[in-house]
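Asker:
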Amino acid sequence: MIETKRLQLREMTENDFEALYKVLADSDIMQHYPYAFDEIRVRGWIDRNIERYRIFGFGLWAVCLKETGEMIGDCGLTMQLINGQIKPEIGYHIRKDQQRKGYAAEAAAAVRDWTFNNTPFQIIYSYMKYTNIPSARTAISYGCRQVDEYEDEINEITKVFAISRDEWIKL
0 MIETKRLQLR
10 EMTENDFEAL
20 YKVLADSDIM
30 QHYPYAFDEI
40 RVRGWIDRNI
50 ERYRIFGFGL
60 WAVCLKETGE
70 MIGDCGLTMQ
80 LINGQIKPEI
90 GYHIRKDQQR
100 KGYAAEAAAA
110 VRDWTFNNTP
120 FQIIYSYMKY
130 TNIPSARTAI
140 SYGCRQVDEY
150 EDEINEITKV
160 FAISRDEWIK
170 L
């Protein structure tokens with residue numbers, strides 16, 4: 000569906016369960032979430048994204064190494080409740096052994112480009128728990144700036160980053 004220099008992003012299928020489980024069930028990767036996922040939550044994650052593709056035409060996509068086809072995580076566009084409003088958000092999760100190689104930034108930039116080229120959204124967001132420094136760095140790397148910070152029950156403090164269509168055009 001989307002290709003970058005090193006990655007392919009495609010729709011998830013039920014066949015991606017094992018690869019996605021290695022990401023979402025890893026307590027180190029999910030340390031900024033309220034919990035690591037179990038088998039039921041991973042299957043639900045895949046099902047929700049398949050439903051998102053059907054309803055919206057987008058969701059979190061499987062991030063695969065172009066060279067081998069191996070799935071190493073997910074990245075994509077979803078509609079999320081951010082500080083009381085539903086907003087388009089780019090999210091990303093990369094398997095621990097594939098982190099710090101620039102894959103999340105590469106995938107997120109590709110999703111940003113796809114979003115501005117294929118949707119009417121004028122602003123795209125990424126949000127995360129205030130302690131999730133790697134995720135904030137990824138958001139900044141694809142052109143975002145911090146636009147909000149608020150208290151909530153799940154993250155204690157949530158940081159919100161965004162890039163507008165006009166800012167993207169100037170990149």
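Numbered per numbering that gives the first Met the number 0, the sequence shown spans residues 0 to 170.
Backbone N, C-alpha and C fix where the C-beta goes; we use that ideal spot for every residue, glycine too.
Bear in mind that the values here come from a model prediction, so they are computed numbers and not experimental data.
In chain order, which continuous runs of the alpha helix (DSSP H) of length 4 or greater are located wholly inside the region 95-154?
Answerer: Listed in chain order, the complete alpha helix (DSSP H) runs (minimum 4 residues) inside the region 95-154 are 102-117 and 132-140.
Asker: What did DSSP end up calling ILE39 once you bin it into helix, strand or coil?
Answerer: What you label residue 39 is simply residue 40 of the sequence shown in a count that begins at 1. Looking at ILE39 - three-state DSSP - the assignment turns out to be helix.
Asker: Out of GLN30, LEU8 and GLN121, state which residue places its alpha-carbon closest to the alpha-carbon of ILE132.
Answerer: Position 133 of the sequence shown holds residue 132. Nearest C-alpha to ILE132: GLN30.
Asker: Touching or not, the region 102-113 and the region 0-20, by the rule of three or more beta carbon pairs under 8 Å?
Answerer: The answer is yes - the region 0-20 touches the region 102-113, with three or more Cβ pairs under 8 Å.
Asker: Under 7 Å between the Cβ atoms of ASP73 and LEU59?
Answerer: The residue given as residue 73 occupies position 74 in the sequence shown. The residue given as residue 59 occupies position 60 in the sequence shown. In contact: ASP73 and LEU59 (Cβ atoms closer than 7 Å).
Asker: Which ranges would you report for the alpha helix (DSSP H) in the region 14-64 if only whole runs of at least 4 residues count?
Answerer: Fully enclosed alpha helix (DSSP H) runs of 4 or longer: 16-23 and 38-55.
Asker: With distances taken Cα to Cα, identify the nearest neighbour of ASN82 among ARG136, GLN121 and MET127.
Answerer: Counting from 1 along the sequence shown, the entry for residue 82 is found at position 83. It is MET127 whose Cα lies nearest to the Cα of ASN82.
Asker: Looking at PRO33: is its Cβ nearer than 7 Å to the Cβ of ILE156?
Answerer: Here the question's residue 33 lines up with position 34 in the sequence shown. Here the question's residue 156 lines up with position 157 in the sequence shown. No.
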